[in-house]
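Participant: Dumping the structure here so I can ask a few things about it.
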Amino acid sequence: MTAPAPARDQASTARRTLLAWLAACAVGGGLALLAAGRVWVTLGTADSPAGAGGGSLTGNDLVAWLTPAALAALAAVLAVLATRAVARRVTSVVVALLGAAVAAGAWDGTRGATIASVAARHMTTAVTSSGHISVQSRAWVWPVLAAVGGLVLAGAGVAAAALSVRWPGMSSRYERGAGRAGTSGATRVKDADRAMWDAIDEGEDPTA
Numbered sequence: 104m105t106a107p108a109p110a111r112d113q114a115s116t117a118r119r120t121l122l123a124w125l126a127a128c129a130v131g132g133g134l135a136l137l138a139a140g141r142v143w144v145t146l147g148t149a150d151s152p153a154g155a156g157g158g159s160l161t162g163n164d165l166v167a168w169l170t171p172a173a174l175a176a177l178a179a180v181l182a183v184l185a186t187r188a189v190a191r192r193v194t195s196v197v198v199a200l201l202g203a204a205v206a207a208g209a210w211d212g213t214r215g216a217t218i219a220s221v222a223a224r225h226m227t228t229a230v231t232s233s234g235h236i237s238v239q240s241r242a243w244v245w246p247v248l249a250a251v252g253g254l255v256l257a258g259a260g261v262a263a264a265a266l267s268v269r270w271p272g273m274s275s276r277y278e279r280g281a282g283r284a285g286t287s288g289a290t291r292v293k294d295a296d297r298a299m300w301d302a303i304d305e306g307e308d309p310t311a
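Residue 311 is where the sequence shown ends in my numbering, and the numbering goes up by one at each step.
Shown next as structure tokens:
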């Protein structure tokens, strides 16, 4: 039996919304992961020329949990597809919280106190003994992209908490197939029962 047109339109809209949401999550997570592995800060000493004798710090060096939070957010995105009802909303909130954590980590990685603390652990003994550690340059594009990725994930989590009740899940196709199979089986049983009673009414032995 063909579904009514309004129902088909609603299902189509839900699928399109879900696909757009997945694309946004992929972009947000991808930006965060890409930016976390790039060099955010180049270090040196106060008396060294720019780029000489220094070291570099990536986003992961500055904020150790940046990549784990982004990966956990992407895993939670998949969990949204595999859950339903209350569990789906809870998982959506987890996506939002992890996205916010990524954005907060991106901001923390630009703080002078964070850079100084991490630099003291990463700079070589030769460099730290030769003079005061200084920041030679900063690549602001990477922390900004990491923050954008985190905010996209956070917004996607909030959107999913509000809209995901209408979205299909991973198992919807199989559940529909199982439902149709169950309905067909029940129909066949009813037809067999009806045939048996018709045979009895006509005086025939249905077991013969």
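Don't be surprised by glycine CBs; every beta carbon is placed ideally from N, CA and C.
For Ala146, which option in His225, Trp245, Arg269 has the closest C-alpha, if you only look at C-alpha atoms?
Facilitator: Start at 1 with the first residue of the sequence shown, and residue 146 comes out as number 43. For clarity, residue 146 is Leu in the given sequence; the question names Ala instead. Ranking the options by Cα distance to Leu146, first place goes to His225.
Participant: Taking the C-alpha atoms as reference points, what is the distance between Val251 and Gly140?
Facilitator: As a first step, residue 251 is located in the sequence shown; it is residue number 148 there, counting from the start. As a first step, residue 140 is located in the sequence shown; it is residue number 37 there, counting from the start. Spanning the two alpha carbons is a distance of roughly 15 Å.
Participant: Among Ala117, Thr186, Gly202, which one has its Cα closest to the Cα of Leu177?
Facilitator: The count along the sequence shown starts at 1 and reaches residue 177 at position 74. Per the Cα distances, Gly202.
Participant: Kindly list the residues whose CB is nearer than 8 Å to the CB of Leu169, restricted to its own chain and excluding five residues on each side of it in sequence; keep chain order.
Facilitator: The count along the sequence shown starts at 1 and reaches residue 169 at position 66. Only Ala135, Ala139, Gly162, Asn163, Val205, Gly208, Ala209, Gly212, Ala249 meet the Cβ criterion.
Participant: Could you give the residue range of the alpha helix (DSSP H) that holds Arg224?
Facilitator: Sequence index remark: in the sequence shown, residue 224 carries index 121 (1-based). From DSSP, the alpha helix (DSSP H) with Arg224 extends over 215-225.
Participant: Excluding the 5 residues preceding and the 5 following Ala182 in the sequence, name in chain order all residues of the same chain whose CB lies nearer than 6 Å to its CB.
Facilitator: For the purposes of this step, residue 182 is identified with residue 79 of the sequence shown, where counting begins at 1. So the qualifying residues of the chain are Thr194.
Participant: Nearest to Ser267 by alpha carbon, out of Leu122, Pro246, Ala219?
Facilitator: The residue given as residue 267 occupies position 164 in the sequence shown. Looking at the Cα atoms, Leu122 is the closest of the given residues.
Participant: Per DSSP, which residues does Arg241 bridge with? Please list them.
Facilitator: The count along the sequence shown starts at 1 and reaches residue 241 at position 138. In the DSSP output, where bridge partners are listed per residue, Arg241 has Val144.
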